[in-house]
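Notes for the one structure printed next.
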Ligand code: PMP
Ligand code: GLN
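In my numbering, the protein residues as written are 444 to 828.
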């Protein structure tokens, strides 16, 4: 239905409900193990919970400053300096957001107008395209190349025009687990030099990177950082997706535009959680081994399914593992994911939903941010299929 009663038209006429909501609901309905939507099924740090509680008792329960509390912005500035050698001004270039989702939305709202072109790599996290369209932007799709889902920079060059306003990056990459390399960053710097293209870099999995690979944050590259919004999420870093607390880094001019919108979207974010995270971040052991932690989970999951008929597509980051089922059935990804949930009681995500043409490579995404027991029960099912 694209028309409501009266003259109001849908702004996203063909928009389906997010696959994450759909598959999690299906998993619940069929009492299936849920490896679909990405979220941990284990407890978060008791210390972090205690800090939120303490700050609530200390009366930190009213609006925070619009841009976020200075203590948290300070810790983020120190962290990106320490890890990426990047200097961000605590007051002018860092903003706390209601999860990465709000940061993505606000960055796009602040910079994309009618007819502006945005380059998006597919498969693409499901929020990017609707947000661009909502603001009248035109999406130019560049397909990541199999088997390892790398960027073909020659193809990207061909998509550039004088209307290209933004390129959206995501590394480590959801849903594929691929990661950008220094060569990619150099190519990106080359093609954006002397342009006014903005980079929106979704780095929510910055600490979830494996195999001793270095995370190529845009922050490491001043020539890229000067034109970039860099987006992070404490939901991923502290296993607390339900807390919906994230941040954005950007040079002052971009940040000024971001803030003009941020103030009327959320105004400010959850106050006690900001205080708790600010204190928690002062101890880097609270996040620096995250890559190793999730690598162990990935490796355990892969060991458990080694004798299954699924083919593994290497994942170097995120908490997602792609599995190719072409040895098992010709069913579409969507049909197989639904049948697997209903009949085998295991939910996953069909990767085809992340392509505008619903490209079907017979690949499903499984979230391994789970307790050992959950992974064991899931693997037992996968080995039976
Ligand atoms: N970007 C990517 C690539 C993600 O996987 C997620 C996780 N849901 C988000 C953004 C949104 O993060 P948040 O939950 O902090 O809004
Ligand atoms: N990022 C998570 C995933 O990819 C879910 C986010 C959401 O539910 N919107 O599964």
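We put the CB at the ideal spot given by N, CA and C, even for glycine.
For residue 764, three-class secondary structure by DSSP
Counting from one through the chain shown, the residue named residue 764 turns up at place 321. DSSP places residue 764 in strand when its eight states are reduced to three.
For residue 686 and residue 505, the rounded distance between their alpha carbons
If you number the chain shown from 1, residue 505 lands on position 62. If you number the chain shown from 1, residue 686 lands on position 243. Residue 505 and residue 686: Cα-Cα distance of roughly 17 Å.
Starting from residue 810, trace the beta strand (DSSP E) both ways and give me its first and last residue.
Here residue 810 refers to the residue found at position 367 when the chain shown is read from its first residue. From DSSP, the beta strand (DSSP E) with residue 810 extends over 806-810.
Would you mind reading off the limits of the beta strand (DSSP E) that contains residue 683?
Here residue 683 refers to the residue found at position 240 when the chain shown is read from its first residue. No beta strand (DSSP E) holds residue 683; DSSP gives it neither H nor E.
Have a look at residue 493 and residue 726 and give me their C-alpha separation to the nearest angstrom.
As a first step, residue 493 is located in the chain shown; it is residue number 50 there, counting from the start. As a first step, residue 726 is located in the chain shown; it is residue number 283 there, counting from the start. Approximately 15 Å, taken between the alpha carbons.
Would you tell me roughly how many angstroms separate the C-alpha atoms of residue 562 and residue 617, rounded to the nearest one?
Position 119 of the chain shown, counted from the first residue, corresponds to residue 562. Position 174 of the chain shown, counted from the first residue, corresponds to residue 617. If you take the alpha carbons of residue 562 and residue 617, they lie about 16 Å apart.
Closer than 7 Å: residue 543 CB and nearest the ligand PMP heavy atom:
Reading the chain shown from its first residue, position 100 is the one you call residue 543. Yes; taking the cut-off as 7 Å, the Cβ of residue 543 has a heavy atom of the ligand PMP nearer than that.
From which residue to which residue does the beta strand (DSSP E) around residue 832 run?
Residue 832 is absent from the structure shown; the chain starts at 444 and stops at 828.
Beta-bridge pairing of residue 793 - partner residues as DSSP gives them
Residue 793 sits at position 350 when you count from the first residue of the chain shown. According to DSSP, which records beta bridges pairwise, residue 793 is partnered with 807.
According to DSSP, residue 583 sits in a beta bridge with which residue or residues?
Along the chain shown, one-based indexing puts residue 583 at 140. According to DSSP, which records beta bridges pairwise, residue 583 is partnered with 562.
Under 7 Å from any heavy atom of the ligand PMP, does the C-beta of residue 645 make it?
For the purposes of this step, residue 645 is taken as residue 202 along the chain shown, with counting starting at 1. At least one heavy atom of the ligand PMP is nearer than 7 Å to the Cβ of residue 645, so yes.
Alpha carbon to alpha carbon, what distance is there between residue 808 and residue 753?
Position 310 of the chain shown, counting from 1, holds the residue named residue 753. Position 365 of the chain shown, counting from 1, holds the residue named residue 808. If I take the Cα positions, the gap works out to 12 Å.
Our contact map puts residue 546 next to residue 691 with C-beta atoms below 8 Å; I'd like the distance itself, whole angstroms only.
As a working note, residue 546 is residue 103 in the chain shown. As a working note, residue 691 is residue 248 in the chain shown. With a Cβ gap of about 4 Å, residue 546 and residue 691 count as contacting.
Close beta carbons around residue 523, own chain, < 7 Å, minus the five adjacent residues each side
Locating residue 523 in the chain shown gives position 80, counting from the first residue. Cβ neighbours of residue 523 beyond the five flanking positions: 529, 531, 662 and 692.
Please list the terminal residues of the continuous alpha helix (DSSP H) segment that includes residue 653.
Along the chain shown, one-based indexing puts residue 653 at 210. No alpha helix (DSSP H) contains residue 653, which DSSP labels as neither H nor E.
Consult DSSP for residue 593 and reduce its assignment to one of helix, strand or coil.
Your numbering for residue 593 matches position 150 in the chain shown. Of the three classes helix, strand and coil, the one that applies to residue 593 here is strand, per DSSP.
For residue 723 and residue 491, what's the separation of their Cα atoms in angstroms?
On the chain shown, position 280 is the one that residue 723 refers to. On the chain shown, position 48 is the one that residue 491 refers to. About 7 Å.
Alpha-carbon spacing of residue 798 relative to residue 584, whole angstroms:
Sequence index remark: in the chain shown, residue 798 carries index 355 (1-based). Sequence index remark: in the chain shown, residue 584 carries index 141 (1-based). Cα-Cα distance, rounded: 9 Å.
Between residue 481 and the ligand GLN, is the CB less than 7 Å from at least one heavy atom?
The residue you call residue 481 lines up with position 38 of the chain shown. Yes, the Cβ of residue 481 comes within 7 Å of a heavy atom of the ligand GLN.
Going by C-alpha to C-alpha distance, which of 785, 755 and 603 sits closest to residue 559?
Translated into positions along the chain shown, residue 559 becomes position 116. Ranking 785, 755 and 603 by Cα distance to residue 559 puts 603 first.
Given this structure, state the Cα-to-Cα distance separating residue 673 from residue 644, to the nearest angstrom.
One-based indexing of the chain shown puts residue 673 at position 230. One-based indexing of the chain shown puts residue 644 at position 201. Rounded to whole angstroms, residue 673 to residue 644 spans 5 Å at the Cα level.
Could I get the ranges of all uninterrupted beta strand (DSSP E) runs contained in the stretch 482-562, with 3 residues as the minimum, in chain order?
537-540
For residue 723, is the beta carbon positioned less than 7 Å from some heavy atom of the ligand GLN?
What you label residue 723 is simply residue 280 of the chain shown in a count that begins at 1. Residue 723 Cβ: outside cutoff for every heavy atom of the ligand GLN.
Taking the straight line between their C-alpha atoms, what separation do you get for residue 706 and residue 732?
What you label residue 706 is simply residue 263 of the chain shown in a count that begins at 1. What you label residue 732 is simply residue 289 of the chain shown in a count that begins at 1. Approximately 35 Å, taken between the alpha carbons.
Opposite residue 607 in the DSSP bridges: which residues?
Reading the chain shown from its first residue, position 164 is the one you call residue 607. DSSP output for residue 607 lists 560 as bridge partner(s).
Please classify residue 502: is it buried, with 16 or more other beta-carbons within 10 angstroms of its beta-carbon, or exposed?
Taking the chain shown and counting its residues from 1, one reaches residue 502 at position 59. Under this definition residue 502 is an exposed residue.
Helix, strand or coil: which one does DSSP assign to residue 588?
The residue labelled residue 588 in the question sits at position 145 within the chain shown. Strand at residue 588.
Between which two residues does the alpha helix (DSSP H) containing residue 734 stretch?
Taking the chain shown and counting its residues from 1, the one referred to as residue 734 is at position 291. 733-747 is the extent of the alpha helix (DSSP H) around residue 734.
Quick one: grab the DSSP three-state call for residue 711.
Position 268 of the chain shown, counting from 1, holds the residue named residue 711. Residue 711 falls in the coil class under three-state DSSP.
Limits of the unbroken beta strand (DSSP E) element including residue 672
In the chain shown, residue 672 corresponds to position 229, counting from 1. Run containing residue 672: 671-676, per the beta strand (DSSP E) assignment.
Is there at least one non-hydrogen atom of the ligand PMP closer than 7 Å to the beta-carbon of residue 676?
Taking the first residue of the chain shown as 1, we reach residue 676 at position 233. At least one heavy atom of the ligand PMP is nearer than 7 Å to the Cβ of residue 676, so yes.
Could you check the C-alpha separation between residue 701 and residue 633 for me, to the nearest Å?
Taking the first residue of the chain shown as 1, we reach residue 701 at position 258. Taking the first residue of the chain shown as 1, we reach residue 633 at position 190. Roughly 26 Å separates the two Cα atoms.
Range of the contiguous beta strand (DSSP E) that encloses residue 645
Position 202 of the chain shown, counted from the start, is the residue given in the question as residue 645. Looking at the DSSP string, the run of the beta strand (DSSP E) that includes residue 645 is 641-645.
With distance defined between alpha-carbon atoms, name the residue in 688, 715 and 749 nearest to residue 647.
As a first step, residue 647 must be located in the chain shown, where it is residue number 204. It is 688 whose Cα lies nearest to the Cα of residue 647.
If I follow the unbroken alpha helix (DSSP H) through residue 853, where does it start and stop?
The chain is shown only over 444 to 828; residue 853 falls outside these bounds and no answer can be derived.
Judging by CA-CA distance, which residue of 713, 734, 742 and 729 is the nearest neighbour of residue 499?
As a first step, residue 499 is located in the chain shown; it is residue number 56 there, counting from the start. It is 713.
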